[in-house]
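S.K.: The sequence shown runs 0 to 486 under numbering that gives the first Met the number 0.
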Amino acid sequence: MAMGLPRRLAIFAALVSAALVLGVTELSLALSERSRLDDIRLEAMAIASTLADYLNRAAPSGDPAALDAALSAWAGLHLRQTSAVVFATDRAGRVTLATRTDSLRPVGLAPEDRAALVRREQVVWQESGARPAWHVSQPLGDRRKVTGLLSLRIDTARLETWARDERRRSYLLATIAAILLAGVIAGLTAMWVGRPLNALGEAMAGAYAGARLAPSAPELGPKEFRALARRYNAMRTALAERERESEARAALLALEERARGLERLALVDEASASFAHEIGTPLNTLNGHFQLLREDLRTRGSEDAARRIDLVLGQVERVAGIVRAWLARGAWPHPAARPVNLREVARRMLDFMEPSLAASGVTATVESESGPPVTAACDPELVEQILLNLIKNANEAVSRGGRVTLRAGRDGRTSWLTISDDGPGMSAEVKQQLFNPFATTKGALGTGLGLTVSRRLARALGGDLTHEPTPAGTRWRLTLPSSEMWG
0 MAMGLPRRLA
10 IFAALVSAAL
20 VLGVTELSLA
30 LSERSRLDDI
40 RLEAMAIAST
50 LADYLNRAAP
60 SGDPAALDAA
70 LSAWAGLHLR
80 QTSAVVFATD
90 RAGRVTLATR
100 TDSLRPVGLA
110 PEDRAALVRR
120 EQVVWQESGA
130 RPAWHVSQPL
140 GDRRKVTGLL
150 SLRIDTARLE
160 TWARDERRRS
170 YLLATIAAIL
180 LAGVIAGLTA
190 MWVGRPLNAL
200 GEAMAGAYAG
210 ARLAPSAPEL
220 GPKEFRALAR
230 RYNAMRTALA
240 ERERESEARA
250 ALLALEERAR
260 GLERLALVDE
270 ASASFAHEIG
280 TPLNTLNGHF
290 QLLREDLRTR
300 GSEDAARRID
310 LVLGQVERVA
320 GIVRAWLARG
330 AWPHPAARPV
340 NLREVARRML
350 DFMEPSLAAS
360 GVTATVESES
370 GPPVTAACDP
380 ELVEQILLNL
390 IKNANEAVSR
400 GGRVTLRAGR
410 DGRTSWLTIS
420 DDGPGMSAEV
430 KQQLFNPFAT
440 TKGALGTGLG
450 LTVSRRLARA
460 LGGDLTHEPT
470 PAGTRWRLTL
480 PSSEMWG
């Protein structure tokens, strides 16, 4: 889970404060340890000089017995965490052991002790390892005659113990200081930064539904955050005004487009009435000639040609019915519903469109023709008009070698018929204009009324015409009441 800004700042501050405290502690301990070590060195030198003066007074000739007595008396009064060894020299200059105050102290002379005897001056050296200490080698007597050697050792292990204890206390102090600082910074950051940012973030999150519905940001925290909230609120107000202007402009454009559409529909209605009047007589004449032609073909035994003439006569009669209804009422014929086998209607329309499909190199089929019939309560002539528009559109959409498939079925009390093709499909822009009057992708070759009229006819039959999204191609779904709903 991601940590918020106050918590991250608190952890960062805690780490920084702990590092600073520990760093300063280590530096101060190092300096203090060095200073204390130097103080112990100076103390050892002073003790060695004082003890040497005392021994010289107590045994000026370097008598071992006198040196032993004097060293024992001094050690009992003045030596703490300090050991001393006194070496006496005989008349031949040989060194003999006089006495020692620490049974753990090595007995022999160290190289530094011999150097002090040779140079007849004080030598200070440091011992490291498991038993760290300062050593002072102090010759006895005077520069004319050396009567012995005082070897003084002051233990410095207590300094390491002191440093270890100080580090332990410093680490504890650093931990407590880091925790306290982290808590204070977390609280202050949450109050000064976290609360204003959270409030501003909540206000911005509400803007997804639109600037007009977005809440205003409260002015909280330091002046910088208050200024940021004021700027956001001013921007939200400006965006809300622009949204209102855009919505009003879009509504106005929609009204203008609708007005233009109604105007064109009115012109179409007027032209349709004149057109219906003008084509009525030629249609009746064509109907009569086709009937005579059919009789002649049957007399000659050309049944296939006569069957094609029957298809043409059926469509001529359907168009004539539309013309008569338009002249009578100015509208499409009133649907005359009856039980209709949708597969038969689909097959009949494919037979009628066969010359156009063959010329385009398009294969059209009706799926599952051998299954049980799918019947609907509808006017077959209006269904034929819908299928004619859809098959014509599919034939124009697919390229040579393409396929158009019609499939019928039933879901409960609804019968349906789908018309699918494997063409390039439609763009998102074209899909938004579906069923709008005069919206066409065919340019001057299209009127933009086919889909509009087809949906109007489908709804007049108690069903609907919809477009179904597909990965490729185009599919239309015509739904109609099942024949169980009829009568």
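Every residue, glycine too, gets a C-beta built ideally from N, C-alpha and C. Predicted model, so just to flag it, every value in this text is computed and none were measured.
Could you tell me whether the segment 378-387 touches the segment 460-473, using the rule of 3 or more Cβ pairs below 8 Å?
M.R.: Yes, the segment 378-387 is in contact with the segment 460-473.
S.K.: What I want to know is whether the C-beta of glutamate 467 ends up closer than 7 Å to one or more non-hydrogen atoms of the ligand MG.
M.R.: Absent from the structure shown: the ligand MG. Ligands present: none.
S.K.: According to DSSP, aspartate 420 sits in a beta bridge with which residue or residues?
M.R.: Partner(s): Val403 and Thr473.
S.K.: For serine 414, which option in Val452, Gly422 and Ser481 has the closest C-alpha, if you only look at C-alpha atoms?
M.R.: Closest option to serine 414, Cα to Cα, is Ser481.
S.K.: Contact between the segment 37-52 and the segment 219-236 is defined here as three or more beta-carbon pairs at a separation below 8 Å; is this criterion met?
M.R.: Cβ pair count under 8 Å is below three, so no.
S.K.: Report the CB separation of serine 136 from serine 150 in whole angstroms; it is logged as a contact under 8 Å.
M.R.: Rounded, the Cβ-Cβ distance is 6 Å, consistent with contact.
S.K.: Determine the closest residue to phenylalanine 11 out of Ala185, Ala336 and Asp350, with distance taken between C-alpha atoms.
M.R.: With distances taken between Cα atoms, phenylalanine 11 lies closest to Ala185.
S.K.: Pick out whichever of Ala363, Asp295 and Arg167 has its Cα sitting closest to the Cα of alanine 345.
M.R.: The option with the nearest alpha carbon to alanine 345 is Ala363.
S.K.: Suppose only complete runs of 3+ residues qualify. What are the beta strand (DSSP E) ranges in the segment 145-212, listed by chain order?
M.R.: The qualifying runs are 145-154.
S.K.: Find the nearest neighbour of leucine 477 within the set Ser398, Leu180, Arg406 and Gly61, judged by alpha-carbon distance.
M.R.: Of the candidates Ser398, Leu180, Arg406 and Gly61, the one whose C-alpha sits nearest the C-alpha of leucine 477 is Arg406.
S.K.: Under a three-way DSSP split, which group does alanine 237 fall into?
M.R.: Note: alanine 237 maps to helix in three-state DSSP.
S.K.: What three-state label does DSSP hand leucine 219 in the structure shown?
M.R.: Coil, per DSSP.
S.K.: Mark serine 367 as exposed unless 16 or more other C-beta atoms lie within 10 angstroms of its C-beta, in which case mark it buried.
M.R.: Exposed, by the Cβ-count rule.
S.K.: State whether the segment 387-401 contacts the segment 419-430, with contact taken as three or more CB pairs (one from each stretch) at a distance under 8 Å.
M.R.: Touching, yes.
S.K.: Between the beta-carbon of alanine 87 and the beta-carbon of leucine 70, is there less than 8 Å?
M.R.: Against a cut-off of 8 Å, the Cβ pair of leucine 70 and alanine 87 comes out as no contact.
S.K.: In whole angstroms, what separates the C-alpha of proline 63 from that of lysine 144?
M.R.: Distance between the alpha carbons of proline 63 and lysine 144: 16 Å.
S.K.: What does DSSP give as the partner residue(s) for histidine 466 in the beta ladder?
M.R.: DSSP lists Trp475 as partners of histidine 466.
S.K.: Between which residues of its own chain and alanine 443 is the CB-CB distance below 7 Å, once the five residues before and five after are set aside?
M.R.: Its pLDDT being 42, under 50, alanine 443 is placed unreliably in this model, and the coordinates cannot settle the point.
S.K.: Pick helix, strand or coil for aspartate 139, following the three-state DSSP scheme.
M.R.: Note that residue 139 corresponds to leucine in the displayed sequence, not to aspartate. Here leucine 139 sits in strand by DSSP.
S.K.: According to DSSP, which residues form a beta bridge with asparagine 340?
M.R.: Answer by DSSP bridge pairing, in chain order: Thr374.
S.K.: Along the chain, where does the alpha helix (DSSP H) that runs through glutamate 395 open and close?
M.R.: From DSSP, the alpha helix (DSSP H) with glutamate 395 extends over 379-396.
S.K.: Whose C-beta lies closer than 7 Å to the C-beta of tryptophan 73 among residues of the same chain, with five residues either side of it excluded?
M.R.: Excluding residues within five positions, the ones whose Cβ falls inside 7 Å are Leu50 and Tyr53.
S.K.: Relative to the alpha-carbon of arginine 307, which residue among Leu171, Arg347, Asn340 and Arg342 has its alpha-carbon at the smallest distance?
M.R.: It is Arg347 whose Cα lies nearest to the Cα of arginine 307.
S.K.: Considering only residues of the same chain and omitting the five flanking positions on each side of proline 217, which have a CB-CB separation below 7 Å?
M.R.: Ala198 and Ala228, listed in sequence order.
S.K.: What distance in whole Å lies between the Cβ atoms of leucine 148 and aspartate 112, which are believed to be in contact at a cut-off of 8 Å?
M.R.: With 8 Å as the limit, aspartate 112 and leucine 148 qualify as a contact, their Cβ atoms being about 6 Å apart.
S.K.: For valine 311 and glutamate 483, what's the separation of their Cα atoms in angstroms?
M.R.: Their backbone Cα atoms lie some 31 Å apart in a straight line.
S.K.: Taking the beta carbon of proline 195 as the centre, do at least 16 other beta carbons fall within 10 Å, making it buried, or is it exposed?
M.R.: By the neighbour-count rule (16 or more Cβ atoms within 10 Å), proline 195 is buried.
S.K.: Taking glutamate 428 as part of the alpha helix (DSSP H), name the residues at either end of that continuous run.
M.R.: Unbroken alpha helix (DSSP H) run through glutamate 428: 427-431.
S.K.: Compare the C-alpha of arginine 142 against each of Trp161, Ala156, Arg119 and Arg163 and name the closest.
M.R.: Comparing Cα-Cα distances from arginine 142 to each of Trp161, Ala156, Arg119 and Arg163, the minimum goes to Arg119.
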